[in-house]
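Participant: To get this note's numbering, take the position in the sequence shown, counting from 1, and add 69.
For each residue, glycine too, the CB sits at the ideal point set by N, CA and C.
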Amino acid sequence: MNIIICPTAEAASLRAADMITEAVRKRPETVLGLATGSTPTLLYKALIQAHRDGLDFSRVRTFNLDEYHGLAPDHPQSYRRFMEEQLFNHLNLDLANTHVPDGLAKDVAAHCAAYEAEIKAAGGIDIQVLGIGSNGHIGFNEPASSLVSRTRLVALTQQTISDNARFFDAADEVPRHAISMGIGTILEAKRCIMLCFGEHKAKAVRAAIEGGVSQFTPASALQMHPDTTVFLDEAAAADLELKEYYRWSAANQPA
Ligand code: PGA
C-alpha cells in the first residue's frame, strides 16, 4: 500500500483527484469505480473543477460500489440520486455510461450477476474510489464478508445503520440491506484509491493498514491488492504506528 498522509481532507482529495484526472487525460474511456458518503464529496468537487477547466468525461464509464436495497433510483437518499447531484449532473458524462446497482431489482441475484458482467464487458475497473466505514467496511462489505465475495445482497450492521442515519429523517428509515460489489470484485480493479478522513475512522484505518488481513476488517483485503494508494488526513492517521515512516517514504520517492 502506498500511504499518503495529508494535512487536511481537502489536500488529500486534490491529490486523489490528480490521479484520476491524469488517467482520464491519458485514456478518455477510463472506467471509474465510484463511492458515495461524505468522504468523496471533496474529490468530486475537484473533478467538477477539472471538467470546468476543460477535461472531457464524455467517454468515461462509471460503476458505483453499492445501492440501498428497496430505494428507487430517484429516492432522495438513493446512491443513484447522490451521484447525480454530487457528480454526474456536473460533468459531460453520458448517463448511459454510468452504472449504479438497482435498489428495486426484482431478481437481485440475476441483477448482481449482470452488474459483474457489465464491469467485465467494460474491460474492468481502472481506478476504484473507496471510503472506509468506521467498522472497516469497503462498499457495504461489512465485517465477516468473504474476502472473495462478489456483487450481492448484504445485510447492514447496526453500526452502519447508525452511521448513515444522519442522511435520513430517522434511523428506522435507513434500509437494512444493500446491493454491494464484493471484496473480490473490488480487488480486481487495476488501481484502488481509498480516502480516510476524520478521527472516527482512525481505529478502522489502523486495523486496515497495520492489522492482519481479515474478513473482520474488510478494508484490510487491500493489503493483497498490488496498486492501492490510501490518502489520509491527520486525524484518520492518528493511530498509525508507522506514521513517520509513511511520511518519510512519501517524501523520499526514488526519482
Ligand atoms: P462516509 O462513509 O464517507 O460517509 O464516512 C464511508 C463508508 O461508509 O464507506
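Considering only residues of the same chain and omitting the five flanking positions on each side of A271, which have a CB-CB separation below 7 angstroms?
Facilitator: As a first step, residue 271 must be located in the sequence shown, where it is residue number 202. The answer, listed in chain order, is A304, A305, A307 and D308.
Participant: Of all the options N158, Q146 and N133, which has the alpha carbon lying nearest to the alpha carbon of H120?
Facilitator: As a working mapping, residue 120 is identified with position 51 in the sequence shown. Per the Cα distances, N158.
Participant: Around the Cβ of R94, are there at least 16 other Cβ atoms within 10 angstroms (buried) or fewer (exposed)?
Facilitator: Here residue 94 refers to the residue found at position 25 of the sequence shown. Answer is exposed; the Cβ neighbour count stays below 16.
Participant: If we ignore side chains and look at the alpha-carbon of each, how far apart do P323 and D87 end up?
Facilitator: On the sequence shown, residue 323 is found 254 positions in, with the first residue counted as 1. On the sequence shown, residue 87 is found 18 positions in, with the first residue counted as 1. Distance between the alpha carbons of P323 and D87: 20 angstroms.
Participant: DSSP three-state label for G253, please.
Facilitator: Here residue 253 refers to the residue found at position 184 of the sequence shown. Residue state, collapsed to three classes: helix.
Participant: Does any heavy atom of ligand 1 sit closer than 7 angstroms to the C-beta of S147?
Facilitator: Here the question's residue 147 lines up with position 78 in the sequence shown. No, ligand 1 has no heavy atom inside 7 angstroms of this Cβ.
Participant: Per DSSP, what kind of secondary structure is H302 in: helix, strand or coil?
Facilitator: Position 233 of the sequence shown, counted from the start, is the residue given in the question as residue 302. The sequence shown places Asp at residue 302, rather than the His named in the question. Correct three-state label for D302: strand.
Participant: Less than 8 angstroms between C-beta atoms, sequence neighbours within five positions excluded: which residues of the same chain meet that for V223?
Facilitator: Counted from its first residue, the sequence shown places residue 223 at position 154. Counting only Cβ-Cβ distances below 8 angstroms, and skipping sequence neighbours, we find F209, N210, E211, S214, H246, A247, I248 and S249.
Participant: Could you tell me the alpha carbon to alpha carbon distance between L164 and H269, rounded to whole angstroms?
Facilitator: Here residue 164 corresponds to residue number 95 of the sequence shown, with the count starting at 1. Here residue 269 corresponds to residue number 200 of the sequence shown, with the count starting at 1. Cα-Cα distance, rounded: 34 angstroms.
Participant: Drop a sphere of 10 angstroms on the beta-carbon of S147, count the other beta-carbons inside from all chains shown, and report buried for 16 or more, exposed for fewer.
Facilitator: Here residue 147 corresponds to residue number 78 of the sequence shown, with the count starting at 1. Answer is buried; the Cβ neighbour count reaches 16.
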